[in-house]
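Q: Just add 742 to the spot in the sequence shown (first one is 1) and you have the working numbering.
Backbone N, C-alpha and C define an ideal beta-carbon position, used for all residues, glycine too.
The model shown is predicted, which means the values in this text are computed figures rather than measured ones.
Encoded as structure tokens, here's the structure I'll be asking about.
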Amino acid sequence: MHGIPMSIVSDRDPKFLSYFWKTLWAKLGTKLLFSTACHPQTDGQTEVVNRILFSLIRATVNKNLKSWDTCLVLVEFSYNRSIHNTTRKTPFEVVYGFNPITPLDLAPLRASSRLCFDGKKRDEQIKALHEQVKLQIEKKNAAYAQGANKGRKQVQFNPGDLVWIHFRKQRFPRKRKRACAGAREHV
């Protein structure tokens, strides 16, 4: 959440493929990972988070648009303290094992299981929490896959079958290029 990341996943924008960018992150010890085209795990994740963050910034800034940068700390804190649908935990809980205390948490004071000074017990709590989050993410991914595959049919091709090949427009962006290569023999 804070500090220098161990790895960064980005698209293949020329800015991220530049010598400067690669050298900078290599010196900092960060591994650069690039997404592949039409990869469902990376398609749109950043855009969704950015959309949420921009709406939080708009709600916080109101009419004084010049003060947006002063709101970033509040927006980051509130985003990281909100429960996410997939994990059913906050990012603070996933990373640190607990939510930071806010003024609202101080009244009335209550006993809390997160204030544990036994290192072994705390380690077990965090490992159990991470396992719970992992299972919840797997459950959500299975639900998303089931919804995405609802109308699809499983098709089996055998060697020698003729298949129709269609190229995506990203592969041949010009209008005059053929989008289809026609029937080809399945190997």
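(1) Got a sec: is the Cβ-Cβ distance from Thr-802 to anything in chain D below 8 Å?
(2) When you compare only the Cα positions, how much space is there between Arg-891 and Glu-880?
(3) Is it buried or exposed for Val-897, if we count other Cβ within 10 angstroms and need 16 for buried?
(4) Closer than 8 Å is the cut-off here; do at least three beta carbon pairs connect the segment 797-814 with the segment 836-846?
(5) Determine the direct distance from the alpha carbon of Arg-823 to that of Thr-832, and round the result to whole angstroms.
(6) Ignoring anything shorter than 4 residues or poking outside the segment 751-818, list the alpha helix (DSSP H) runs there in chain order.
(7) Measuring alpha carbon to alpha carbon, tell me which residue in Thr-788, Ser-760, Arg-864 is nearest Phe-840.
(8) Can you tell which of Arg-894, Ser-749, Ser-820 has the C-alpha that lies nearest to the C-alpha of Ser-777?
(9) Determine, using beta carbons only, whether Thr-828 and Lys-773 come nearer to each other than 8 Å.
(10) Within 10 Å of its beta-carbon, does Val-817 have 16 or more other beta-carbons around it, so buried, or fewer, so exposed?
(11) Do the CB positions of Val-751 and Leu-775 come within less than 8 Å of each other?
(12) I need the straight-line Cα distance from Ile-759 to Asp-753, nearest angstrom please.
A: Let's see:
(1) In the structure shown, chain D cannot be found, because there is only a single protein chain.
(2) Before going further, note that residue 891 is Asn rather than Arg in the sequence given. Cα to Cα, the separation comes out at about 16 Å.
(3) exposed
(4) no
(5) 5 Å
(6) 756-759, 761-769, 787-803
(7) Arg-864
(8) Ser-749
(9) no
(10) buried
(11) yes
(12) Going by the sequence as given, residue 759 is Leu instead of Ile. Distance between the alpha carbons of Leu-759 and Asp-753: 9 Å.
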